[in-house]
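S.K.: My questions will all concern the structure given below.
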Amino acid sequence: MDDLKNFFCRNKQCPKYGIRGEENIRIRGTYGKNKTRLLYCTDCKKTFSERQGTVFFRSSLPDDIIVSIHEHVAEGNGMRKTSRLTKVHHQTVIRHTRLAGQHAEQLHDELVAFSPKDGRGSVRREMGLCKKKGKELRRKQSG
């Protein structure tokens, strides 16, 4: 049960949408050859996959191949070179790279929507990142 604290209801109409650790998520069952868990929200009664909202959702490739594709692309390898290195078709590499980009965009929007108010000024002062008249100000080190 403890590992479910990182999940939240994926239903946007649910009152607990996007809120982690509310203990409203339960395991309904499993599906597929990887035994992916089906999760259930006790508030809105919706069922969803634990992989929903990730780059692994609805993929038939093994997880290590998907990770390898993204590592090669992140290192700057092209689609065809990544295809040769991971031994998958180049269109598969393109598809997974696109999905990763869409996932990153959705994750960014989700994190921005639930982020606290910007208190950047005080944090910047504490870290010594404020500038005055072109010179960087540093906090005085004590001791």
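Numbered according to this note's numbering, the sequence shown spans residues 116 to 258.
Using N, Cα and C, we set each Cβ at its ideal position, and we do this for glycine too.
Is Asn139 closer than 8 angstroms to Thr157 when the C-beta atoms are compared?
M.R.: As a working note, residue 157 is residue 42 in the sequence shown. As a working note, residue 139 is residue 24 in the sequence shown. Yes, they are a contact pair.
S.K.: Within 10 angstroms of its Cβ, does Pro130 collect 16 or more other Cβ (buried), or is it exposed?
M.R.: Here residue 130 corresponds to residue number 15 of the sequence shown, with the count starting at 1. Exposed, by the Cβ-count rule.
S.K.: Comparing alpha-carbon positions, which option in Asn121, Phe123, Ala219, Leu214 lies nearest Arg173?
M.R.: Within the sequence shown, numbered from 1, the residue matching residue 173 stands at position 58. Minimum Cα distance to Arg173 is reached at Leu214.
S.K.: Ends of the alpha helix (DSSP H) at Leu176?
M.R.: For the purposes of this step, residue 176 is taken as residue 61 along the sequence shown, with counting starting at 1. Per DSSP, Leu176 belongs to no alpha helix (DSSP H) and is neither H nor E.
S.K.: In whole angstroms, what separates the C-alpha of Tyr146 from that of Phe163?
M.R.: As a first step, residue 146 must be located in the sequence shown, where it is residue number 31. As a first step, residue 163 must be located in the sequence shown, where it is residue number 48. Distance between the alpha carbons of Tyr146 and Phe163: 11 angstroms.
S.K.: Output the distance between the C-alpha atoms of Tyr132 and Phe122, rounded to the nearest integer angstrom.
M.R.: Mapped onto the sequence shown, residue 132 falls at position 17. Mapped onto the sequence shown, residue 122 falls at position 7. Computed Cα separation, rounded: 10 angstroms.
S.K.: For Asn182 versus His218, is the C-beta spacing smaller than 8 angstroms?
M.R.: By one-based count along the sequence shown, residue 182 stands at place 67. By one-based count along the sequence shown, residue 218 stands at place 103. The sequence given here has Val at residue 182, not Asn. Against a cut-off of 8 angstroms, the Cβ pair of His218 and Val182 comes out as no contact.
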